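Just so you know, we're using full-length UniProt numbering here: the sequence shown kicks off at 1 and counts up by one. Just so you know, even glycine gets a beta-carbon here, dropped at the ideal spot from N, CA and C. Predicted model, so just to flag it, every value in this text is computed and none were measured.
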Amino acid sequence: GQGTFGTVYKGRCRRTGQTVALKVSRRQGDTSVLREMNILQRFLHDNVVRLCDIIDPENKPTLVLEFCASDLRKYMRQYGKQGALDQDAALAVMHQLLGGTAFCHRNGIMHRDLKPENLLVDSEGTVKLADFGSARKIGGPGTMYTPVGTTLWYRAPEILLGAQTHNELVDEWSCGCIFAEMIQGHALFRGQDDEDQMICIMRDFGTPMPEQLQEMRPEIREQSVSSTAYRGRPLGQIVPKAKPQSSELLRYLLKFNPAKRVTADNALRHPYFTPARAP
C-alpha cells in the first residue's frame with residue numbers, strides 16, 4: 001500500500017518466519033522516513049507500532065515494522081453498523097488511542113497526523129499509532145514548526161487559522177474527531193479546504209470572539225475567521241448517538257482553544273474509562 005512518505009509491502013522474515021510490513025522510502029535521505037526511524041527506535045509501547053529492523057539505514061532506509069492486517073478505517077467498516085462502532089468497542093479503541101498518544105507526548109513527540117488510516121489494528125484488536133512521518137519534537141512555548149501534515153478533516157482550529165506555533169494538543173483535537181467518527185459512523189467535519197473546514201467547525205461550535213482568538217495565538221488575525229457569526233449547536237445535536245459520558249469527553253477534547261483542551265493523560269482519567277481495562 002501507499003503511505004504518506006513511502007510504499008508499504010507485506011513480507012516475511014526468513015530467519016524467524018514472522019510476517020512483517022516493509023516501509024520503503026521513496027528517495028535517498030528522505031527526512032520523514034529518517035524522522036520516523038529515529039522515533040520508533042526509542043519507542044516501545046503496546047499502542048505504538050513496533051520497529052523490528054532497519055534495512056540499509058545509511059542510504060535508502062526500509063523500515064521493518066510489525067505487521068497489522070487492518071487499520072481503524074477498515075475496522076469500523078468491518079465491525080461497525082454503517083461504520084459506527086458500539087459503545088464498548090469505541091471505549092476500547094479510545095482507551096488505546098489516548099494511551100498511545102499520551103505515551104508519545106510524555107516522551108516529547110507529537111504525532112500531528114492522527115486519523116483512522118494511521119491507527120493500525122492487529123489480529124488481537126490492539127490499536128497502534130503508526131506513520132510518524134509528520135511527527136515533531138515538542139518544543140517550548142512559541143516554537144515554530146513547518147506546516148503541519150495533519151489530514152484536513154482532523155486538523156485543529158489553531159492550525160486552520162494560520163497559527164505559526166502549535167503544541168501537542170493538536171493531537172487531542174484529532175483524537176476527538178476520531179472518537180466522534182467512531183460513534184457516528186462518519187467524519188465529524190468534512191471540509192473541502194482550510195476555510196471550508198473552519199466553517200464546518202464554527203457552524204457546530206460557534207464563531208469565536210476576537211478576544212478568544214487573541215488568547216489562543218497572538219498571530220491569528222480576526223480576518224481569518226468567516227464574517228458570518230455562527231451561534232453553534234449543543235453537542236447532543238452534533239453527535240446525537242453519544243451517551244452522556246461520551247459527550248462530556250468529546251467536549252473536553254474538542255475545545256476550540258488548545259489551552260483549554262484536555263490532555264491525553266487527563267482524558268484517560270475521565271469516568272468514561274472507569275470500566276476500561278488496559279490492553
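Using the rule of at least 16 other Cβ atoms within 10 Å of the residue's Cβ for burial, across every protein chain shown, is residue i buried or exposed?
i, result
"Cys13", "exposed"
"Ala259", "exposed"
"Arg261", "buried"
"His111", "buried"
"Asp71", "buried"
"Ala264", "buried"
"Gly100", "buried"
"Ala278", "For Ala278, the predicted structure reports a pLDDT of 45, less than 50, and the residue's modelled location is therefore unreliable. A value from the coordinates is still provided. Ala278 comes out exposed."
"Met209", "exposed"
"Glu211", "exposed"
"Thr31", "exposed"
"Pro244", "exposed"
Among the residues of its own chain, which have a CB less than 8 Å from the CB of residue i, if the five just before and after it don't count?
i, result
"Thr7", "Gly1, Lys23, Val24, Arg26"
"Met76", "Gly83, Ala84, Leu85, Pro116, Glu181, Met182, Gly185"
Could you tell me which of the options sits nearest to residue i, measuring between CA atoms?
i, options, result
"Cys68", "Asp122, Ser247, Arg269", "Asp122"
"residue 299", "Phe189, Arg77, Arg50, Ala180", "No information on residue 299 is available, as it lies outside the stretch 1 to 279 that the chain covers here."
"Leu51", "Met37, Lys60, Asn59, Pro61", "Met37"
"Thr274", "Asp88, Gly191, Gly139, Arg73", "Asp88"
With a CB to CB cut of under 6 Å and the five nearest residues on each side skipped, what residues in its chain are close to residue i?
i, result
"Ser174", "Leu114, Tyr154"
Can you grab the Cα-Cα spacing for the pair residue i / residue j, in whole Å?
i, j, result
"residue 295", "Asp46", "The displayed coordinates of the chain run from 1 to 279. Any statement about residue 295 would go beyond what the structure contains."
"Met198", "Gly176", "16 Å"
"His105", "Thr228", "36 Å"
"His270", "Leu249", "7 Å"
"Arg35", "Lys137", "10 Å"
"Ile183", "Pro240", "9 Å"
"residue 295", "Pro157", "Outside the shown range of the chain (1 to 279) lies residue 295, about which nothing can therefore be said."
"Lys10", "Ile54", "15 Å"
"Ala276", "Arg73", "Confidence is the limiting factor: at Ala276 the pLDDT is only 49, short of 50, which leaves the residue's position unreliable and the question unanswerable from this model."
"Leu253", "Gly125", "24 Å"
"Lys128", "Glu195", "31 Å"
So what does residue i bridge to, in DSSP terms?
i, result
"Tyr9", "Leu22"
"Met110", "Arg136"
"Leu250", "According to DSSP, Leu250 bridges with nothing at all."
Leaving aside the five residues before and after residue i along the sequence, list all residues of the same chain whose C-beta is less than 7 Å from its C-beta, in chain order.
i, result
"Arg231", "Gly206"
"Ile238", "Asp204"
"Gly80", "Gly185"
"Gly109", "In the sequence as presented, Gly is not what sits at residue 109; that position holds Ile. Closer than 7 Å at Cβ, skipping near neighbours: Ile39, Ala135, Lys137, Ile138."
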